[in-house]
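**Student:** My questions will all concern the structure given below.
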Amino acid sequence: MALDLIVVLIYATGMIALGWYGMRRAKTRDDYLVAGRNLGPGFYLGTMAATVLGGASTIGTVRLGYVHGISGFWLCGAIGLGIVGLSLFLAKPLLKLKIYTVTQVLERRYNPAARHASALIMLVYALMIGATSTIAIGTVMQVLFGLPFWVSILVGGGVVVLYSTIGGMWSLTLTDIVQFLIMTIGLVFLLMPMSISDAGGWDAMVAALPARYFDFTAIGWDTIVTYFLIYFFGIFIGQDIWQRVFTARSEGVAKVAGTAAGLYCVLYGLAGALIGMAAKVLLPDLENVNNAFASVVQHSLPNGIRGLVIAAALAALMSTAAAGLLAASTTVVQDLLPRLRQGRESGNGDVHENRIATLLLGGVVLAIALVVSDVISALTLAYNLLVGGMLIPLIGAIYWKRATTAGAISSMSLGFVTALFFMFKDGLDANTPIYYSLSVALVSFVLVSLLSPRSNVVAKAA
1 MALDLIVVLI YATGMIALGW YGMRRAKTRD DYLVAGRNLG PGFYLGTMAA
51 TVLGGASTIG TVRLGYVHGI SGFWLCGAIG LGIVGLSLFL AKPLLKLKIY
101 TVTQVLERRY NPAARHASAL IMLVYALMIG ATSTIAIGTV MQVLFGLPFW
151 VSILVGGGVV VLYSTIGGMW SLTLTDIVQF LIMTIGLVFL LMPMSISDAG
201 GWDAMVAALP ARYFDFTAIG WDTIVTYFLI YFFGIFIGQD IWQRVFTARS
251 EGVAKVAGTA AGLYCVLYGL AGALIGMAAK VLLPDLENVN NAFASVVQHS
301 LPNGIRGLVI AAALAALMST AAAGLLAAST TVVQDLLPRL RQGRESGNGD
351 VHENRIATLL LGGVVLAIAL VVSDVISALT LAYNLLVGGM LIPLIGAIYW
401 KRATTAGAIS SMSLGFVTAL FFMFKDGLDA NTPIYYSLSV ALVSFVLVSL
451 LSPRSNVVAK AA
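Residue numbers (the numbering used here): 1 to 462.
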């Protein structure tokens, strides 16, 4: 494993170096938070794809392929189609707003109270997104290098916190491009064909696996629908995703390159599911299916190539972890700190407080990662809270003139609490949290809005 470790160390050093270079470009708040709103199609495609393809999309999809077969791709499928929908229908109006956070839209439609309430939900979501991929980083390093889990978390996650803190979005963009290339080469062009070949080829896999492994709906329609409710709509309202949209140089870049990134995510999901199916043939009796990815890498790849694929996996994980971390710090600095300053927001100058917030929240992300173990469950928790708490008020802000601040806040609060309750009652992997939270959020939003007076802000907007 010495050669593999050297390859991974070179990769980690390169990420820190790019982060340091990004710091030199992050001179204003726009630079630090949205890369100066100046990314072209190549950079935008790479950073968007790298952002959404993290721990659950990589480690989790291989696990789903191992357990369910080709239908395991639906997680990435829902995410990818969400990116396509966002790019085609929301990117243009979002870019015109010249804002930093999702919650600023709620303030414009309702009032500052709605922004602050939604910021708390968004903060929990962003921290869990960062923690999810940090957990996956620890899992990969633990299995492949024999390190204790806590050491893997602190080392791998520490690299993410370091380059995210010093350079912000410019560091994330530069590292994302390299990570996008490495993960494409490592997973799609190396691990997928080599693991299938090691399993005896396609015909051998067909003979060895049950027929349901080749059924695109074997994972169950209830699960597929839940993935779309959680991930497809979650993409539409996630701070980490919107923050990438704000980096586009033009509406055309966001629309075309964003759609291409979404389609890439669907293909990436198919590759991950196929890798999981090959792992099932090669290693049919894994004690922990969460280790399917790391185990097939260890089994099927030679030294050196294995290191490159490990770097590819870490690339996918680090980009999403960094996106969640920056989204969390942006939410704190732009949405929550102004409330402590009696509404006074920072200008577009010094980024010192952004860096401090990113560093401190990086410590929170590492702490969460040390106590949570399952990447898909952690991601599901994040999206259940986000979609259950914020989807209805955001849709209402755009499409319903009669919506009120009281209706929005009640919807967010009750949807959030309902999602938490049913995740505790039925488990993180249950379908009930998203169904009940959306139902409660919708009913409370409509009833409270109809029973409460319209504010001046709403009356003017209408």
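For glycine and all other residues, C-beta sits at the position ideal for the given N, C-alpha and C.
Owing to the predicted nature of the structure, the values given are computational and were not obtained by experimental measurement.
Among the candidates I83, T405, N354, R306, whose CA atom is the shortest distance from the CA of V7?
**Tutor:** Residue mapping note: residue 7 aligns to position 7 of the sequence shown, counting from 1. The shortest C-alpha separation from V7 is found at R306.
**Student:** The alpha helix (DSSP H) that contains A114, what's its start and end?
**Tutor:** On the sequence shown, residue 114 is found 114 positions in, with the first residue counted as 1. That run of the alpha helix (DSSP H) goes 112 to 145.
**Student:** With H, G and I counted as helix, E and B as strand and the rest as coil, what does DSSP make of A248?
**Tutor:** As a first step, residue 248 must be located in the sequence shown, where it is residue number 248. The answer is strand: DSSP assigns A248 an E or B state.
**Student:** Using the three-state DSSP reduction, which class does L283 fall into: helix, strand or coil?
**Tutor:** Taking the first residue of the sequence shown as position 1, residue 283 is located at position 283. Note: L283 maps to coil in three-state DSSP.
**Student:** Near K460, which residues of its chain fall below 6 Å by C-beta distance, leaving aside the five closest residues on each side in sequence?
**Tutor:** For the purposes of this step, residue 460 is taken as the residue at position 460 of the sequence shown. Unreliable positioning characterises K460 in this predicted model, as indicated by a pLDDT of 39, which lies under 50. The coordinate reading is nonetheless provided below. Taken in chain order, the list of residues that qualify is empty.
**Student:** So the alpha helix (DSSP H) R306 belongs to, where does it begin and stop?
**Tutor:** For the purposes of this step, residue 306 is taken as the residue at position 306 of the sequence shown. Taken as a continuous stretch (DSSP letters only), the alpha helix (DSSP H) holding R306 covers 305 to 331.
**Student:** Suppose the cutoff is 8 Å on Cβ atoms and the five residues either side in sequence are ignored; what does the same chain contact list for G363 look like?
**Tutor:** In the sequence shown, the residue the question calls residue 363 occupies position 363. The answer, listed in chain order, is V161.
**Student:** Under a three-way DSSP split, which group does L53 fall into?
**Tutor:** Counting from 1 along the sequence shown, the entry for residue 53 is found at position 53. DSSP places L53 in coil when its eight states are reduced to three.
**Student:** Per DSSP, what kind of secondary structure is L209 in: helix, strand or coil?
**Tutor:** On the sequence shown, position 209 is the one that residue 209 refers to. Three-state result, L209: coil.
**Student:** Can you list the alpha helix (DSSP H) stretches of 4 or more residues lying completely in the segment 8 to 75, in chain order?
**Tutor:** The qualifying runs are 29 to 34, 41 to 52, 61 to 68.
**Student:** For a test of the three-state rule: what should DSSP assign to A254, helix, strand or coil?
**Tutor:** Walking along the sequence shown from the start, residue 254 turns up at place 254. A254: helix per DSSP, three-state reduction.
**Student:** What's the gap between the Cα of A2 and the Cα of L337?
**Tutor:** Counting from 1 along the sequence shown, the entry for residue 2 is found at position 2. Counting from 1 along the sequence shown, the entry for residue 337 is found at position 337. One C-alpha to the other measures close to 46 Å.
**Student:** Give, in chain order, every unbroken run of the alpha helix (DSSP H) that is at least 4 residues long and sits entirely within the segment 387 to 440.
**Tutor:** Correct list: 405 to 426.
**Student:** According to DSSP, simplified to helix, strand and coil, what is D215?
**Tutor:** Numbered from its first residue, the sequence shown carries residue 215 at position 215. Coil at D215, not helix or strand.
**Student:** Using DSSP with H/G/I as helix, E/B as strand and the rest coil, what is Y264?
**Tutor:** Counted from its first residue, the sequence shown places residue 264 at position 264. Three-state result, Y264: helix.
**Student:** Give the range of the alpha helix (DSSP H) segment to which P453 is assigned.
**Tutor:** Start at 1 with the first residue of the sequence shown, and residue 453 comes out as number 453. P453 -> no alpha helix (DSSP H), and no H or E assigned at all.
**Student:** Quick check on this structure: which residue in Q104, G258, V155 has the alpha carbon closest to the alpha carbon of G42?
**Tutor:** Here residue 42 refers to the residue found at position 42 of the sequence shown. Out of Q104, G258, V155, G258 has the C-alpha closest to the C-alpha of G42.
**Student:** Helix, strand or coil for T103, going by three-state DSSP, please let me know.
**Tutor:** As a working note, residue 103 is residue 103 in the sequence shown. It is helical.
**Student:** N354: which of V188, V266, I196, M169 sits nearest, CA to CA?
**Tutor:** Along the sequence shown, one-based indexing puts residue 354 at 354. It is M169 whose Cα lies nearest to the Cα of N354.
**Student:** In the DSSP assignment, the alpha helix (DSSP H) including P93 goes from what residue to what residue?
**Tutor:** Numbered from 1 along the sequence shown, position 93 holds the residue referred to as residue 93. 91 to 97 is the extent of the alpha helix (DSSP H) around P93.
**Student:** Check whether the segment 405 to 423 and the segment 435 to 455 are in contact - that is, three or more C-beta pairs closer than 8 Å.
**Tutor:** Yes: at least three Cβ pairs fall under 8 Å.
**Student:** Can you give me the Cβ contacts of A278 inside the same chain, cut-off strictly under 6 Å, excluding the 5 residues immediately before and after it?
**Tutor:** To locate residue 278, count along the sequence shown from 1; it is residue 278. Excluding positions up to five away in sequence, the list reads S195, I196, A199.
**Student:** Apply the 10 Å Cβ neighbour rule to L314 and answer buried if 16 or more other Cβ atoms are within range, or exposed otherwise.
**Tutor:** Locating residue 314 in the sequence shown gives position 314, where the first residue counts as 1. The residue is buried, with at least 16 neighbouring Cβ atoms inside 10 Å.
**Student:** Cutting at 7 Å between CB atoms, please list the residues of its own chain near S377, excluding the five before and the five after it.
**Tutor:** As a first step, residue 377 is located in the sequence shown; it is residue number 377 there, counting from the start. Only L428, D429 meet the Cβ criterion.
**Student:** Between the segment 171 to 189 and the segment 80 to 99, are three or more C-beta pairs nearer than 8 Å?
**Tutor:** Result no; under three Cβ-Cβ pairs closer than 8 Å.
**Student:** Assuming F293 is part of the alpha helix (DSSP H), what are its boundary residues?
**Tutor:** Within the sequence shown, the letter at position 293 stands for residue 293. F293 -> alpha helix (DSSP H) spans 292 to 300.
**Student:** Is there contact between the segment 235 to 249 and the segment 64 to 77, where contact requires at least three CB pairs shorter than 8 Å?
**Tutor:** With the cut-off at 8 Å, the segment 235 to 249 and the segment 64 to 77 do not touch.
**Student:** Between the Cα of L385 and those of A369, L282, L229, A403, spot the shortest distance and give me the residue it belongs to.
**Tutor:** Locating residue 385 in the sequence shown gives position 385, counting from the first residue. Nearest of A369, L282, L229, A403 to L385, Cα basis: L229.
**Student:** Identify the continuous alpha helix (DSSP H) that holds L360 and give its terminal residues.
**Tutor:** Taking the sequence shown and counting its residues from 1, the one referred to as residue 360 is at position 360. Looking at the DSSP string, the run of the alpha helix (DSSP H) that includes L360 is 352 to 371.
**Student:** Let me know the secondary structure DSSP gives A461 once reduced to three states.
**Tutor:** As a working mapping, residue 461 is identified with position 461 in the sequence shown. Note on A461: pLDDT 39, under 50, position unreliable in the model; no value is reported.
**Student:** If you run the structure through DSSP and keep just helix, strand and coil, what is N288?
**Tutor:** Indexing the sequence shown from 1 puts residue 288 at position 288. Coil, per DSSP.
**Student:** Reducing DSSP to helix, strand and coil, say where G201 ends up.
**Tutor:** Counted from its first residue, the sequence shown places residue 201 at position 201. In the structure shown, G201 sits in coil (DSSP, three-state: anything other than H, G, I, E or B).
**Student:** Is the CB-CB distance between A113 and T405 below 8 Å?
**Tutor:** The residue labelled residue 113 in the question sits at position 113 within the sequence shown. The residue labelled residue 405 in the question sits at position 405 within the sequence shown. Contact: yes.
**Student:** Can you tell me where the alpha helix (DSSP H) holding T173 begins and where it ends?
**Tutor:** Working through the sequence shown from its first residue, we reach residue 173 at position 173. First-last of the alpha helix (DSSP H) with T173: 149 to 183.
**Student:** Distance check for V387 and G234, CA to CA, integer angstroms please.
**Tutor:** Counting from 1 along the sequence shown, the entry for residue 234 is found at position 234. Counting from 1 along the sequence shown, the entry for residue 387 is found at position 387. Distance between the alpha carbons of G234 and V387 is about 6 Å.
**Student:** Could you round the C-beta distance between V105 and L361 to whole angstroms and report it? I think they count as a contact, below 8 Å.
**Tutor:** For the purposes of this step, residue 105 is taken as residue 105 along the sequence shown, with counting starting at 1. For the purposes of this step, residue 361 is taken as residue 361 along the sequence shown, with counting starting at 1. Actually they do not touch by this definition, with Cβ atoms about 22 Å apart.
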